[in-house]
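Colleague: This structure is in structure tokens; I'll ask about it shortly.
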Amino acid sequence: AIGDLDEIGQKVEEAEPYSILKVKLGTPNNDKDIIKEIRKLTDKLIRVDANEGWDKETALDMCKWLADQNVEFIEQPFPAEELHSTRKLMENSPLDIFADENSMISEDIHKIWSSFDGINIKLMKCGSMEEAKKMIDVARSYELKIMLGCMVETSIGITAASHLAGKVDFADLDGNLLIQNDPYEGVEVINGKLNLPYSIGNGIKLKHNIEGLI
């Protein structure tokens, strides 16, 4: 994800194989500057994570402005407890609003469905494949859009989550690319697309040459 104004050039270059950029905002003093700098370098589609960092006035202004910047949706504009503000924003925003911190487990969705257009599901937060599948089913019952997200993690979690990608609308599964010395191998990202392994089970393998990696 891109989030540091000083590293935009490097991050955009590193993301050259990918058709979509994930940008972390939530610092109102330079959020627009970050997007402007990216737009000097690329017109790729952007997905924004506001990291609970906006107030009401900033959020609506940013959503309207970002709608003209080839942005697809906004994640978690407000702190999780501010559901009323989120619902008001969703009703007035030209962009879809997705829950992240508000959608940890399936039970959360029953409480928040009317305040968001979609949810982000992370295996490392919900705790299991079964719970993730339950979250998908509950979200669909409320006609919410669904994104699969991740933490910075090994190929175990990313590969497991990838098996659910066919059931969701968006997949943001690159956490294993952000670590060094991943002791496992599984799903590969080739030209920005997930390529699942053909091995038995979930396809995860322990690397043979792991000495000194952990």
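Sequential numbering from 934 applies to the sequence shown in the numbering used here. Each residue gets a CB set at the ideal place from its N, CA and C atoms; glycine is no exception.
#1: With distances taken from CA atoms, which of M995, L978 and I979 is nearest G986?
#2: Might you give, ordered along the chain, the residues of its own chain that have their beta carbon closer than 8 angstroms to the beta carbon of I941, omitting 5 neighbours on each side?
#3: Quick check on DSSP: helix, strand or coil for I1112?
#4: Classify K1163 as helix, strand or coil using the three-state DSSP reduction.
#5: Does the beta-carbon of L1097 have 16 or more other beta-carbons within 10 angstroms, so that it is buried, or is it exposed?
#6: I1054 and M1068: beta carbons closer than 8 angstroms?
#7: Could you please give me the residues that DSSP links to I1137 through a beta bridge?
#8: According to DSSP, simplified to helix, strand and coil, what is N1025?
#9: Taking 8 angstroms as the threshold (C-beta atoms), are M1080 and D1105 in contact?
#10: If we call anything under 8 angstroms between Cβ atoms a contact, is T1025 one with Q1009?
#11: Have a look at C1083 and P1130 and give me their C-alpha separation to the nearest angstrom.
#12: Could you tell me which residues DSSP puts in a beta bridge with E1121?
#13: Beta strand (DSSP E) containing V1004: first to last residue?
#14: In this structure, does DSSP put A948 in helix, strand or coil?
#15: To the nearest angstrom, how far is it from the Cα of V1120 to the Cα of N1109?
#16: Quick one: give me the first and last residue of the alpha helix (DSSP H) that L1081 is part of.
#17: I1069 lies in the alpha helix (DSSP H); which residues open and close that run?
#18: Would you kindly report the start and end of the unbroken beta strand (DSSP E) that includes L1149?
Modeller: Taking the coordinates as given:
#1: Ranked by Cα distance from G986, the first of M995, L978 and I979 is M995.
#2: If we look at I941 and ignore the five residues flanking it on each side, its Cβ neighbours are I935, I967, E970, I971 and L974.
#3: Secondary structure of I1112 (DSSP, three-state): coil.
#4: As displayed, the chain neither begins before 934 nor continues past 1147, which places residue 1163 out of reach and without an answer.
#5: Taking all protein chains in view, the Cβ of L1097 is crowded by 16 or more other Cβ atoms within 10 Å, so the residue is classified as buried.
#6: Yes, Cβ-Cβ distance for I1054 and M1068 is below 8 angstroms.
#7: The beta-bridge partner set that DSSP reports for I1137 is empty.
#8: If DSSP states are grouped into helix, strand and coil, N1025 belongs with the helices.
#9: Against a cut-off of 8 angstroms, the Cβ pair of M1080 and D1105 comes out as a contact.
#10: The sequence given here has Asn at residue 1025, not Thr. No, they are not a contact pair.
#11: Cα-Cα distance, rounded: 19 angstroms.
#12: Here E1121 is bridged, per DSSP, to N1128.
#13: That run of the beta strand (DSSP E) goes V1004 to E1008.
#14: When DSSP states are grouped into helix, strand and coil, A948 belongs to the coil group.
#15: Approximately 10 angstroms, taken between the alpha carbons.
#16: Note, L1081: premise wrong, no alpha helix (DSSP H); beta strand (DSSP E) at K1078 to G1082.
#17: M1062 to S1074 is the extent of the alpha helix (DSSP H) around I1069.
#18: A query on residue 1149 cannot be resolved here, the shown segment of the chain reaching from 934 to 1147 and no further.
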